[in-house]
Structures are given as C-alpha cells and as structure tokens.
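**Student:** This is the structure I have questions about; it appears just below.
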Amino acid sequence: MRDHLHAVASFPDSSELPPVASPQQGALRLAVIDADSGFVHVLSKRLEGMGWQFRSLTSAPPLDELVAQRLNALIVDPTCLGARGWDFLEQVCSALPGLGVLVCTGRSTVAQRVRGLRLGADDWVTKPCHPSEVIARVEAVARRRRRARMQEETGPLVVGELEIRLDQFQAFAAGRSAELTRREFEVLQLLVDAQGQVLQREEIYQRVWGYAMAHGDRSVDVFVRKLRHKLERSSPAWVYIHTHFGIGYRFEAQLKSAADVLGEEPAAPDRPPGALADPATSA
Amino acid sequence: MSLLRRSPVLDTGIFALFEASGSNAQRACVLLRDMLQDFPERSDLARDILKCEQDGDRITHDIIHRLSGNGHRPEPHRFGAGDLYSLAKRLDDIVDYAEQAADTLVIYGIEAPMEQAEGLAEVLVQASTAVNAALGALRSEGELQGLLVEIHQLENEGDRLSRDAIAALFANGIDPMVVIRWKDIFELLEEAIDSCESVAHTLEGISLESR
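Which chain is which? The protein sequence lines are E and A, in order.
Take the first sequence: its letters are residues 108 to 390, numbered as in the working numbering.
Take the second sequence: its letters are residues 7 to 217, numbered as in the working numbering.
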C-alpha cells in the first residue's frame, strides 16, 4: 500500500491528539483513497494551503488503522479498490458512523450513485471536478456531522408532553415510546427543526426521501397522517402537527381545549404553547 | 335504441353468469379504488380482490363449460358462441388486471398512493359499472349504445390520465425506484380500463350481428 503524507507530514499518534478535531476548530483531518495521482496532487496543494491534515492512500487501509487516525472525512474513489470497493465503502460507513464519507470518482450510473449513497456515503462527486468543489463538499459534510453531534450532546428535546430523542430516533410521552418508524421520526425531526415555520410538502419530501417529489405523490401526507395518529395516541391532550391546506405542515405543540378532550382533564402547560423547551437550556 | 332485435332463443342461465361476471369485475374495481385511496392502511383489501379474481376464473370456466354444452349438445343462443367466449375472456381480463395492480402495490412495498393512480382507479370503477350495466342491457335488450359510448369515453380519459401520470414520473430528480414502481402500476390500471373497452368492442360486435 503506497501511502503519501501531506501538510502536517504525518498524523501524530492518536494518544497525542486532543479529542477529534472539530470543524469549528479550523483544520480538518482528511484521508483520500485514490489512484489518480494528478487529482491527488492538485487537491493536496489546496489542502496544504488551508492547513488541513491530509493523508493520501492508493489502496484500502485496515479499518482499525482508519479508526486510529481519527479522521473527520474520507474521500474515496471505489474504482481504485477494484471488486471490493463497495464492500469497503459499506464497512467504513458502518464501522465509523461519525466519519464523513465522500465518493469522488469518474462517470457512474444512477444505480451506482444510489448504491453508494445508500451504503452510507454522505456525498458523491463526479470527476472531472474542481478541487474547490470537493473541499466545499467535505466542509458541508463536516458541518452536518457537527450539527448532528451538537444535537446529540444537547440531549432530548422536550416539547408539549413529547420527549424527542435523536439518539434513539424515537419520541416518548410519559416514558412510553410513540413507536415511530425511522421515516416517521425523520419527518417529525424535520418539522421540529423548522421551529414553527410551515414546510412545503415538496421540501419535506426532498429532505426526508432525498429526491424530488413526483407530482401527485402522497407520501408526505400519508407519513404525516401516521405520525399525527401516533402522537395523538401517545399524547392525546396535545396537538403537534398543523396542516396548512395546499401548502404543507407546521409543528407547534398546542394544548387542546377541554372540549376537545372529552372526559380528560388537560394538564396545565408548564410552558407557553409551542415553546420548544430543551432541558439542557431551560433547567 | 335497441340493437338486439333478432328473435331470441334465450339461455337465461348463461346471461345470469355474464351478469355475475360483470358484477364481480365491478366489485374488484371498487375494492381496488378503496384500497388505493387508503393505502397502505387498506392493503388488506388485496385479499378480497384476489377472491374476486378466483371467483372470476370460476365464472369464466362455468360460461365456457356451458357454451361447450357440458358434454351434451350446446344450448342454442341468439349470439355466436365465439362472441360469448370472447366476452367472457375480456370480462375476466378486467378482474385479472385489477388483481395484478393490487398485488403489485403490495409486492413493490408502495408507501403511499399517487393522486394519478386514484384518478385512474376512479375511471376504472366508472367503466366497470358501465360494463356491468351493458351486460344487463344485453339480456333485457335495453339501451346498449349509450353505455358503449360512455365506456369508450372513459377509456380515452384513462389514456389521458395514464400519459400524464407517466410523464410526471420522468420529471428531473425523481427517485428511479419510484419511477419503476409506479410506471408498472399505472400501466396495469390502464390495461384494466382497456379491458373494459375490449368488452365494449365485443358487445358492439354482438349487437351488430344480432340485428
């Protein structure tokens, strides 16, 4: 395995490193697996100028070696790994969920791109491409990872009677799971993240399903209906998802009036309706 | 206007079978529409549609058996046995395509319906209702022509909806799996509607021959 070191000539041992370098602290730690020496050379020049820690490989390293390098992101061209390119991609994405993975390769079919992204790649760039675009995409992947990490670190989000746990992809009411599927949770998370803004169906579809919504597709309506039903079942005194006819949906926790909840005494709200309370900040 | 003027030798049994076949086809189409409107919650209706498909096969078999004379000399009909055989097969096709569409929704793991599919299913219900009424008119020598025109118009409407639906799938950025799944389903719904028109063509031929 040929191994080229750039910028900070080599990564120091992990024992000497502070916790994983985060994007906001500046330089990223990046590895590139690519046999295209011209592309790697041009990219490395840019990265040196930015002060990023950069390692170039022409074959797949053992997974434990990648783990030890504590990378922020990996750029990989699966074609240089031959027949085991897809397996390697899957193994890396599965073993290192915190690692941003960007596939940068030559012309490919839709099926190959779909497969790569479904195996866990965060992005796919087709060569020939400009190194600035590759770097910008790595930064974007790192930003998304950082946001996800921050959300995990801030703990569950509490809104109305719901406790939304990103780490479990689940919502709870009074400690009981709402039994949301992965996709239902993703729709919920997107609506909650919008902080009371109305999201159009097309936008919800694009961001949850990852593709443009076909005209007439009722997937968003169906998943919102299922989600609403499960939230209603878990937390009957509250309304969480509001329909804006002809547009889309908005998330806002509102206590139902007593007339709406026959036979049940609604609990007094402990915060203004719709307030998104985070126990980490409201405590 | 009655197109059926030839002095009949009625085999009332076979007309009852055709009416049962028409009702069965209409029921399958109504179930498919209801299943699509509330899919996937009503995916259980696929079982009822499969039952219709099995009933349709049984009725078709009974018709063919009766046309062949059940081992005896066939009963005379005022219509040709070939036309009636063709009519029985076309009626069975409606149920077969409806059942295939329902089955495909389940097999392909469809997450939610598309509006265009609901529109096509509604047209299919109207066409199968007109087919059922036309079969009743065949026995009673009632008004047939208006029903046949209605079926042709519904088939044209189905063609238009199907073309628009497939065109919508090929807009930029749509998930290729969505395209593959729904193109198949739209085509099956259109085939079911086309089968209603084939029934209308056969009935038209029968009515012309019986003048």
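All residues carry an ideal CB built from backbone N, CA and C; glycine is no exception.
For Val101(A), which option in Ala171(A), Gly28(A), Asp165(A), Gly88(A) has the closest C-alpha, if you only look at C-alpha atoms?
**Tutor:** Taking only the C-alpha atoms, the option nearest Val101(A) is Gly28(A).
**Student:** Could you run through the segment 121-136 of chain A and flag, in chain order, every residue whose CB is less than 9 Å away from some CB of chain E?
**Tutor:** Glu121, Gln122, Ala123, Glu124, Gly125
**Student:** Using the beta-carbon of each residue, which ones in chain E are nearer than 7 Å to Gly179(A)?
**Tutor:** Residues of chain E passing the Cβ test: Tyr318, Ala319.
**Student:** Applying the criterion that 16 or more other CB atoms from any shown protein chain within 10 Å of the CB defines a buried residue, is Gly355(E) buried or exposed?
**Tutor:** buried
**Student:** Scan the segment 183-215 of chain A for residues whose Cβ lies nearer than 7 Å to a Cβ of chain E and list them as they occur along the chain.
**Tutor:** Val184
**Student:** Assign Ile180(A) to one of three DSSP states: helix, strand, or coil.
**Tutor:** strand
**Student:** State the Cα-Cα distance for the pair Ala34(A) and Leu173(E), rounded to the nearest angstrom.
**Tutor:** Those two C-alpha atoms are separated by around 58 Å.
**Student:** At which residue ranges does the segment 66-129 of chain A contain complete beta strand (DSSP E) runs of 3 or more residues, listed in the order of the chain?
**Tutor:** DSSP assignment within the segment 66-129 of chain A yields no whole beta strand (DSSP E) run of 3 residues or more.
**Student:** What residues of chain E sit near Ala107(A), judged by a beta carbon separation below 7 Å?
**Tutor:** None at all; the shortest Cβ gap to chain E is about 16 Å.
**Student:** Flag Glu163(A) as yes if its beta-carbon sits less than 8 Å from any beta-carbon of chain E, otherwise no.
**Tutor:** no
**Student:** Does Gly205(E) have its Cβ less than 8 Å from a Cβ in chain A?
**Tutor:** It does not; no Cβ of chain A falls within 8 Å.
**Student:** Note down, in chain order, every chain A residue with its Cβ under 8 Å from the Cβ of Ser326(E).
**Tutor:** In chain order: Glu117, Ala118.
**Student:** What's the call for Gly213(E), buried or exposed, on a 16-neighbour Cβ count within 10 Å?
**Tutor:** exposed
**Student:** Pick from Gln296(E), Val265(E), Phe292(E): whose alpha carbon is nearest that of Gly282(E)?
**Tutor:** Val265(E)
**Student:** Measure the C-alpha to C-alpha separation of Asp300(E) and Ala285(E) and round it to an integer number of angstroms.
**Tutor:** 19 Å
**Student:** Measuring only the C-alpha atoms, how far is Ile140(E) from Ser239(E)?
**Tutor:** Distance from the CA atom of Ile140(E) to the CA atom of Ser239(E), rounded to whole angstroms, is 18 Å.
**Student:** Keeping to the same chain, check which residues put their C-beta closer than 6 Å to that of Asp61(A); ignore five residues upstream and five downstream.
**Tutor:** Asn30
**Student:** Give the list of continuous alpha helix (DSSP H) stretches no shorter than 4 residues that lie fully inside the segment 252-326 of chain E.
**Tutor:** 289-300, 308-316
**Student:** Quick check: is the beta carbon of Gly282(E) nearer than 8 Å to any beta carbon in chain A?
**Tutor:** no
**Student:** Determine, using beta-carbon pairs with one atom in the segment 116-125 of chain A and one in the segment 41-51 of chain A, whether at least three such pairs fall under 8 Å.
**Tutor:** yes
**Student:** Within 10 angstroms of its Cβ, does Lys337(E) collect 16 or more other Cβ (buried), or is it exposed?
**Tutor:** buried
**Student:** Within 10 Å of its beta-carbon, does Lys152(E) have 16 or more other beta-carbons around it, so buried, or fewer, so exposed?
**Tutor:** With fewer than 16 other Cβ atoms from the protein chains shown falling within 10 Å of its own Cβ, Lys152(E) counts as exposed.
**Student:** With Cys200(E) as the anchor, note down where its alpha helix (DSSP H) starts and where it stops.
**Tutor:** 192-202
**Student:** Check each residue of the segment 213-233 of chain E: if its Cβ is closer than 8 Å to any Cβ of chain A, include it; give the result in chain order.
**Tutor:** Val217, Ala218, Val221
**Student:** For the beta strand (DSSP E) containing Leu181(E), name the first residue and the last one.
**Tutor:** Element bounds for Leu181(E): 180-183.
**Student:** In chain order, what residues of the segment 167-178 of chain A put their CB closer than 8 Å to some CB of chain E?
**Tutor:** Ala171, Ala174, Leu175, Ala177, Asn178
**Student:** Just how far apart, CA to CA, sit Leu153(A) and Thr233(E)?
**Tutor:** Using only the alpha carbons, I get a separation of about 57 Å.
**Student:** What three-state label does DSSP hand Pro130(E) in the structure shown?
**Tutor:** In this prediction, Pro130(E) scores a pLDDT of 37, lower than 50, which makes its location untrustworthy; no coordinate-derived value is stated.
**Student:** By DSSP, does Ala22(A) sit in helix, in strand, or in coil?
**Tutor:** Three-state result, Ala22(A): helix.
**Student:** I'd like to know if Gly323(E) contacts chain A, where contact means its C-beta is closer than 8 Å to some C-beta of that chain.
**Tutor:** For Gly323(E), a Cβ of chain A is located within less than 8 Å of the residue's own Cβ.
**Student:** In whole angstroms, what is the alpha-carbon distance linking Leu287(E) and Gly267(E)?
**Tutor:** 17 Å
**Student:** When the Cα atoms are used, what is the spatial distance from Ala198(A) to Leu269(E)?
**Tutor:** A direct Cα-to-Cα measurement between Ala198(A) and Leu269(E) gives close to 47 Å.
**Student:** In three-state DSSP terms, what is Ala34(A)?
**Tutor:** In this structure, Ala34(A) counts as helix in the three-state DSSP scheme.
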